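Using the numbering used here, you'd call the opening residue of the sequence shown number 11 and step up by one each time.
Even glycine gets a Cβ: it sits at the ideal position worked out from N, Cα and C.
Values in this document were obtained by computation on a predicted structure and should not be read as measured data.
The structure appears below as structure tokens.
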Amino acid sequence: MDFEGFLKDVLAPMVDHPEALKIEVKGEGRKREIWIHAEPGDRGRIIGKSGRMIQSLRTLCRAAGDKAGLNIDLELFEEERGEVRG
Numbered sequence: 011m012d013f014e015g016f017l018k019d020v021l022a023p024m025v026d027h028p029e030a031l032k033i034e035v036k037g038e039g040r041k042r043e044i045w046i047h048a049e050p051g052d053r054g055r056i057i058g059k060s061g062r063m064i065q066s067l068r069t070l071c072r073a074a075g076d077k078a079g080l081n082i083d084l085e086l087f088e089e090e091r092g093e094v095r096g
């Protein structure tokens, strides 16, 4: 499955800076880590109210990964702090 394309298609209409949106897929074997990189002002929209949006994205990606035999971990990366949020 093309997780990068899927997430860009879902997130681009929601954010103010779709050109800055970067999806990074890492891993080998059955394990995949997906990192969402976005502008600081767009991160709140990706997280959503009470974290509902990021949780929904994780659920969709994990379900697609299960179907493909992959273990998916989706995170939102904060560059200036160098940490994961969401």
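How long is the line joining the alpha carbons of residue i and residue j, rounded to whole angstroms?
i: residue 64; j: residue 28; result: 17 Å
i: residue 35; j: residue 49; result: 18 Å
i: residue 55; j: residue 16; result: 17 Å
i: residue 78; j: residue 11; result: 7 Å
i: residue 66; j: residue 39; result: 24 Å
i: residue 82; j: residue 60; result: 22 Å
i: residue 22; j: residue 58; result: 14 Å
Hey, residue i and residue j: beta-carbon distance below 7 Å or not?
i: residue 87; j: residue 44; result: no
i: residue 52; j: residue 20; result: no
Helix, strand or coil: which one does DSSP assign to residue i?
i: residue 70; result: helix
i: residue 83; result: strand
How would you label residue i, buried or exposed, when you count the other beta carbons within 10 angstroms and need 16 or more for buried?
i: residue 42; result: buried
i: residue 75; result: buried
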